[in-house]
Amino acid sequence: MSNQQKKNTFYGAAAILAMTTIIVKVIGAIYKIPLTALLSDEAYGDFNAAYNIYTFFLTISTAGLPVALSKTVSECNTLGRRNQKSRVFQVAFFAFLFMGLFSFVCMSVFSPIVAKYVLQNEKAVFAVLALSPAVLCTCICSAFRGYAQGHMNMVPTGVSQVIEALSKMFLGLALAFLILNSAIPDEDLKNRLSASGALLGVSIGSILSVCYLVFNHIRTNRRDRTPSSDVPDSSRSILSHLLKLAVPITLSSCTLSIVNLIDTNLVQSQLQTVFTAIQDGLTGISNSVLDIFPKAVEIFQENLAAFQAEVLTNPDTQLNPVLDSARGLYGIYGKTMSIYNLPFNLMVPFTACIVPAVSACIARRDSLGAHRTTESAMRISALIALPCGFGLFALGTPIIQLLTAGNVDETIAGPLLSILGIASLFVCIQVVASAILQANGIINLPIITMVIGGVAKVIVSYTLVGNPKFMIYGAPIGTLTCFVIVSVLNLIIIKRLVPQPPRLIPVFVKPLIASLFMAAAAWGCQGLLARYFSGSFIKNAIATGGGILAGVVVYVILIVVLKVLSKEDLEMMPKGDKIAKLLRIR
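Just so we're aligned: 63 in our numbering is position 62 of the sequence shown, and the numbers increase by one with no gaps anywhere.
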C-alpha cells in the first residue's frame, strides 16, 4: 500500500469514527433531555448515580484494552502473521470476558452493597441492576471493535454504537414512560422502577450490539481465509504485551471516572448529613446561598409528611425522608449535568481530529504547520466553548425550565446550570489542551493535572455540600474549581513545553468579548420577551428561543466584525476557501 493510500485510509477511518461519534452524542442528548422532563428528581438521582458506577466499571474494563488490541492486530497484519493475529484476538476476547464478568457480578450480585455504600443511595439498587448486563455486553463489544479497528475498519464500531444509542433512546424512554403510566400503586417504587426502565434500554442496546458484531466478525472472517505458517507467541506473553499497552491508557482514562464516583458518594452522604441535622431540629441558618437552606427544609418537610401519611397504612414503607430529600436534590443536580455535558460532547469529535493533524505536522518536522494547527484548534474551541458557557450562565433558569418541561424546581436548578455553564467552558478548554499535549508526546502531565483538579473537586465538594449554607450548590462549585485548575495548568504546560505554542491572548480575547455581548443580548431579549410570553410551555419556549436567537445573531455579527477567524482557521473546515472569500478574510 502506498503512503498516499495509507493516508487516505487513515483519514477515511477517522472521518467515519468522527461522524458516528457526533451521531451517537446527538442521540444521547435527545435521550437524556426528554428524560429530565419524564423522571422525577428522585428517580433521576437514582439514574445518575447508577450511570456513574456503570461508567466507572466500563472505563476500567474497556479504556485501554481496545487500543492495545487494535495496535497489536495492526502490527500482525503488517508483518503478515495471521496465526498470531488470531491468537491475539482469542487472548483479548477472554480478557474482555473476564473483566466484563467481574463488573457484571459487582453490579448484579453485589448491587445492594454498591448502591448503599458506594453510591450512598440504597434506592438506586434497581437502576444498578438494570445496567449490569450492559457492562458485560459492552466489554464483549470492545473485543470485536478493537479487532476491526486494527484492520482500519471503523464501520463495525460506528454501526454498533449507533445501535446502542438508538436502542437507549427509543426503548429506554418507552420503558420509562410505560412504567410511569402503569398501575403500580406505590409511587416511590414506580419512580425507582422508571429509572431502571430508562437504563434497561442501555442494556438491551448493548445486547443487540453484541449480536451485530458477532455476525459481522463471522462474515468478515469467512471472506478472508488466507493460510499462514507463522508460529504464534504464547498466550501469556501476548496477555503481558496487551496489558503493558493497556494499563497506562486505562489509568489516564479512569481518573475522571474515579473522581466522579467519589464525588457522587460525597455529595449524597453530605446531603444526607445536612438533612439528618434538619430532622434533628437544625434552624437559624441565615444568608444561605440563593436561600438553599429554607428550600431544603421545605423539601424535607414534604417528604416527612409523605412518610407520616404512608406509615399509617403501611408500617413497612420504603419511604425515608432523609434519603428521599437527598435523592431529590441530587436528582436536580443530575438533570442540570445532562445539559452541562452538551458543549463537551461537541468537543469530542473535534479533539479526535487535533491529535492526528498536529502529529502529522510534527512527523514532517513542520513546526510552523504544527503551530498554526494548534492555534487554530484553540481558537475554534474557544469559539464553541465560550458562547456555550456564557449562554448557559445567562439563561440557566429558562433553559432548564424549557428542557425539563417544568418537571424540576427551576429556582434551584437554574443557578446550578448557570454555575455549570461557566464550568463547561473550562471543561472544553481542558479537553482541547490535553489533546494538544498528547499530540506533542506529552502524555503523563495531563494525567497529573487531572488528579490535582480531581483532589481539589473532592475537597471543595465535601466542604461546601456539607455546609447548610451551600448544600447542593457546593457540587457545581467543586466541578468549576476542578476544571479551572486543570485548564490553567494544561495551558501553562503548553506554554512551557510545546515548541512554538499558540498565542493565548489573541486566541481567547476576541471570542471572549463576542461571548460576553452575546450573553448580555440573550439575557436582555429573553427577559423582555418573558414579560409578554410567560405562563405556559409554548410561551416560555418563545421567550427562551427568542433570547437564544438574539444571542446567536449578535455573536455571529461580532465574530465577523472583530475578524476572529483567520484564513488558516477556515481552511481547516469543509468549503473553507469559499467561506473565506465570502467573508473577505485574507
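Note that CB positions come from ideal geometry on N, CA and C, so glycine has one too.
- For Cys483, the CB contacts under 7 Å within the same chain, skipping 5 residues up- and downstream, are Gly454, Gly455, Ala457 and Lys458 in chain order.
- With contacts defined as CB atoms closer than 8 Å, Ser133 and Ser161 fail to qualify as a contacting pair.
- Note that the C-beta distance between Gln269 and Tyr331 is below 8 Å.
- In the structure shown, Ala395 adopts helical secondary structure according to DSSP, grouped into three states.
- Contact between the segment 371–390 and the segment 289–300 is absent: fewer than 3 CB-CB pairs across the two stretches fall below 8 Å.
- Excluding residues up to 5 positions away in sequence, Ala177 lie with their Cβ nearer than 6 Å to the Cβ of Leu39 in the same chain.
- Per DSSP, reduced to three states, the secondary structure at Lys245 is helical.
- Rounded to whole angstroms, the separation of the alpha carbons of Asn304 and Val312 is 12 Å.
- Boundaries of the alpha helix (DSSP H) harbouring Val298: Ile293 to Thr314, taken from the DSSP string.
- Relative to the Cα of Val485, the nearest Cα in the group Val74, Pro512 and Phe427 belongs to Phe427.
- Counting C-beta atoms within 10 angstroms of its own C-beta, Gln309 has fewer than 16 neighbours from the protein chains shown and is therefore classed as exposed.
- For Pro447, the three-state secondary structure derived from DSSP is helix.
- Listed in chain order, the beta strand (DSSP E) runs fully inside the segment 4–88 amount to none, counting runs of at least 3 residues.
- Phe48 is a Cβ neighbour of Ala128, given a cutoff of 8 Å.
- Judged by beta-carbon spacing, Ser339 lies beyond the 8 Å limit of Ile61, meaning their Cβ atoms are not closer than that value.
- Three or more beta-carbon pairs separated by less than 8 Å link the segment 233–252 to the segment 87–97, which places the two stretches in contact.
- Here the segment 457–473 does not lie against the segment 390–406, with fewer than 3 beta-carbon pairs under 8 Å apart.
- The three-state secondary structure of Arg365, taken from DSSP, is coil.
- One Cα belongs to Val565, the other to Leu80, and the distance between them is close to 48 Å.
- Distance from the Cα of Cys212 is smallest, within the candidate group Leu252, Thr412, Glu165 and Asn182, for Glu165.
- Where Glu123 is concerned, there is no enclosing alpha helix (DSSP H), because DSSP gives it neither an H nor an E.
- Using a Cβ distance threshold of 8 Å, Ala69 and Leu214 do not count as a contacting pair.
- In the three-state reduction of the DSSP assignment, Thr318 falls in the coil class.
- Between the alpha carbons of Met472 and Ile437 lies a gap of roughly 36 Å.
- Taking the Cα of Leu320 as reference, the smallest distance to any Cα among Thr464, Gly552 and Asn192 is reached at Asn192.
- Taken in chain order, the complete alpha helix (DSSP H) segments of 4 residues or longer contained in the segment 137–208 are 156–168 and 174–181.
- The C-beta separation of Ser462 from Gly475 comes to about 6 Å, placing the pair in contact by the 8 Å criterion.
- A Cβ-Cβ distance of about 40 Å is found for the pair Gly46 and Asn154, leaving them out of contact under the 8 Å criterion.
- With contacts defined by Cβ atoms closer than 8 Å, Ala424 and Leu481 form a contacting pair.
- The continuous stretches of alpha helix (DSSP H) do not include Lys117, and DSSP gives it neither H nor E.
- Between Leu490 and Thr450, the CB-CB gap stays under 8 Å.
- Within 10 angstroms of the beta-carbon of Pro228 lie fewer than 16 other beta-carbons, which makes it exposed.
- Excluding its 5 nearest sequence neighbours in each direction, Ala414 has C-beta neighbours in its own chain below 7 Å: Ile333, Lys336, Thr337 and Ile401, listed in chain order.
- Under the DSSP assignment, Pro500 falls outside any alpha helix (DSSP H); it carries neither an H nor an E label.
- In chain order, Met170 place their CB closer than 8 Å to the CB of Ile31, counting only its own chain and leaving out the 5 sequence neighbours on each side.
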